[in-house]
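Protein chains in written order, with the numbering used here: chain A, -12 to 279; chain B, 103 to 392.
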């Protein structure tokens, strides 16, 4: 019995070893190293001097950091709640359909989600091209002239947010559809017998029963959009990137453009703390809900 | 009694007649929305089949007047697209195989075996959900540069192997395998490895396929890390390549879009073929029973 117990532990060690090795080397170690690096003035590659909390003091009064925090929040506000609302509306429309019709319509809404960000970038860069972009046919009548969206600061982030909703909404749509499917059909039949209108059915049955999924979608999107980088980086390429800087982009900018590893790590720690704070809140909210 | 039945049927008739018009309008609205949503993809496809001259015409037509494969042929013969394709395939396939294998082993150990540190490991995996991986790019770069793996396949793959969700899903599925299977196999003298590869994994092939497909799509699509870790054109993945050399094409949108269509084709096809599996994997990852 003792031998088989030792065997079990040995087998377990072999099975978890690859994961533990990778996880320790590329997850726990870099996290600790990031904190240590943030206390130095090191370049990207190479050693630096210990400067204590100097980077953090600088961060607090750094104008570009403030801009990055503001832009990231602005982006989150423009994507999370509007995106989730649109996803719910689409899911409600798609859930009415059956069979192959549902598959085709769902595919039209979901397909953008599986595409690489650079493909999304090339497509929308073309759609909005100032001279030949097809969407300028819509913009010109409203604005009086074609707009170079990627070079006009007030346009860049809202347009990127719109494209992001178009691109990533498939995820929320799928989750809402799964949630809608879990609502028992009998409730709807009973409501129909009572002569409830479409709006009453939504307001009194669907909305309260789908609420947990709504919270899930909102929190997933919140955490996801706080880490925004790819789209904003691509669309602002070659422009005045400082004004539309978001947090991850600032990490990238300091480390790989300005060769300031220590300061980049400091921004990374800030992002880390912000995201974890929100994740803990989310976790508490979910636990409170499941305890009900 | 008859009165009630009559009332009921009248309500049913009224609501269904009212419902018919509303239902038709809703269906039309659904189709319009789907068409609008899909339009950018359609427009990209159409443009990629045009001559560059036609692309820059001011007139708007839903179909290419002179359909051509020129842009595709140019991209396949005059750019590194095929090399990037090969790189993407190598990176995405190795990431998928390694992630799934590692997660299955680890999930099995946590689900079925008792060993010291099991609880701690499980909590670490759950907690790592919260960590924003983009915050680690600087240190990943330093670590991978330190072992001389920048601009190599292992260097691109390694940091993408952190996928705690996969382990969590495997553990949940292995937990739900009835205890009898395990006990019967142990009585027959099966080892833990045989149990995992002959019983637990084959019983959960569906999950494995679903997880493999979404891991593949994710790895094919990753931008930030391959963008940082590859330095020369011949090591880029297709996701990075199509924008890294954009300047070389100038405003040749037909070529750019042909490149984009080719870059998105494998993942779009994977989704269209395995629609049900992708849905399953995504709802499982979010913690909803699919």
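All C-beta atoms in this analysis are idealised placements derived from N, C-alpha and C, irrespective of residue type, glycine included.
Everything numeric in this text was worked out from a predicted model, so none of it was measured.
Contact under 8 Å by Cβ, residue i with residue j
i	j	result
residue 270 of chain B	residue 227 of chain B	yes
residue 383 of chain B	residue 315 of chain B	yes
residue 252 of chain A	residue 240 of chain B	yes
residue 333 of chain B	residue 252 of chain B	yes
residue 106 of chain A	residue 362 of chain B	yes
residue 157 of chain B	residue 149 of chain B	yes
residue 129 of chain A	residue 218 of chain A	no
residue 331 of chain B	residue 246 of chain B	yes
residue 189 of chain A	residue 31 of chain A	no
residue 28 of chain A	residue 36 of chain A	yes
residue 75 of chain A	residue 163 of chain A	yes
residue -4 of chain A	residue 217 of chain B	yes
residue 73 of chain A	residue 22 of chain A	no
residue 340 of chain B	residue 190 of chain B	yes
residue 215 of chain A	residue 233 of chain A	yes
residue 254 of chain A	residue 14 of chain A	no
Through-space distance from residue j to residue i, alpha-carbon basis
i	j	result
residue 105 of chain B	residue 171 of chain A	The pLDDT assigned to residue 105 of chain B is 48, lower than 50, so where the model puts this residue is not dependable, and the model offers no usable value.
residue 131 of chain A	residue 372 of chain B	43 Å
residue 116 of chain B	residue 77 of chain A	Confidence at residue 116 of chain B is low in this model, with a pLDDT of 46, below 50, so its placement is unreliable and no value can be given for it.
residue 392 of chain B	residue 169 of chain A	Reliability fails at residue 392 of chain B, whose pLDDT of 41 lies under 50, so the model's placement of it is uncertain and the value that follows must be treated cautiously. Those two C-alpha atoms are separated by around 9 Å.
residue 24 of chain A	residue 38 of chain A	10 Å
residue 385 of chain B	residue 365 of chain B	26 Å
residue 7 of chain A	residue 376 of chain B	31 Å
residue 140 of chain B	residue 94 of chain A	9 Å
residue 356 of chain A	residue 223 of chain A	Given a span of -12 to 279 for chain A in the structure shown, any question on residue 356 of chain A remains unanswerable.
residue 26 of chain A	residue 242 of chain B	18 Å
residue 183 of chain B	residue 177 of chain B	7 Å
residue 20 of chain A	residue 234 of chain B	15 Å
residue 338 of chain B	residue 196 of chain A	47 Å
residue 203 of chain B	residue 175 of chain A	44 Å
residue 224 of chain B	residue 269 of chain A	19 Å
residue 388 of chain B	residue 320 of chain B	15 Å
residue 265 of chain A	residue 239 of chain A	22 Å
residue 222 of chain B	residue 221 of chain A	40 Å
residue -9 of chain A	residue 1 of chain A	15 Å
residue 281 of chain B	residue -7 of chain A	21 Å
residue 225 of chain A	residue 302 of chain B	52 Å
residue 165 of chain A	residue 137 of chain B	23 Å
residue 324 of chain B	residue 212 of chain A	16 Å
residue 186 of chain B	residue 347 of chain B	12 Å
residue 166 of chain B	residue 172 of chain B	13 Å
Residues near residue i by beta carbon distance below 8 Å, same chain, minus five either side
i	result
residue 71 of chain A	159, 201, 204, 205, 208
residue 266 of chain B	227, 228, 230, 231
residue 11 of chain A	none
residue 123 of chain A	115, 116, 117, 133, 134
residue 200 of chain B	259, 263
residue 231 of chain A	58, 140, 143, 144, 219, 223
7 Å CB neighbourhood of residue i in its chain, flanking five on each side removed
i	result
residue 157 of chain A	96, 97, 99, 100
residue 4 of chain A	none
residue 127 of chain A	133
residue 92 of chain A	81, 84
residue 121 of chain A	114
residue 209 of chain B	269, 272, 273, 276
residue 145 of chain A	65
residue 326 of chain B	236, 239
residue 192 of chain B	255
Partner residues on chain E for residue i, Cβ-Cβ distance less than 7 Å
i	result
residue 235 of chain A	The displayed structure is made up of protein chains A and B, and chain E is not among them.
Cut-off 6 Å between Cβ atoms - residues of its own chain near residue i, not counting five sequence neighbours on either side
i	result
residue 112 of chain B	Caution is warranted here: a pLDDT of 48 is assigned to residue 112 of chain B, below 50, making its placement in the model unreliable, and the coordinate value is therefore given only provisionally. Nothing listed; no residue qualifies.
Near-chain A residues of the stretch 363 to 390 of chain B (beta-carbon distance less than 9 Å), N- to C-terminal order: 363, 365, 366, 369, 370, 372, 373, 374, 377, 380, 381, 384, 385, 388, 389, 390
Near-chain A residues of the stretch 252 to 270 of chain B - C-beta to any C-beta below 8 Å: 260, 261, 263, 264, 269
Selection of the stretch 238 to 262 of chain A by Cβ proximity to chain B, strictly under 8 Å: 238, 239, 242, 243, 248, 251, 252, 255, 256, 258, 259, 262
Members of the stretch 138 to 157 of chain B near chain A, C-beta cut-off 8 Å: 139, 140, 142, 143, 145, 146, 149, 157
Chain A contacts made by the stretch 185 to 207 of chain B, where a contact means CB separation under 7 Å: 204, 207
Under 8 Å (Cβ pairs) to chain B, residues found in the stretch 50 to 66 of chain A: none
Contained alpha helix (DSSP H) runs [length at least 4] in the stretch 257 to 326 of chain B, N- to C-terminal order: 266 to 277, 281 to 289, 307 to 323
Start-end ranges of the beta strand (DSSP E) lying completely within the stretch 163 to 250 of chain A, minimum 3 residues: none
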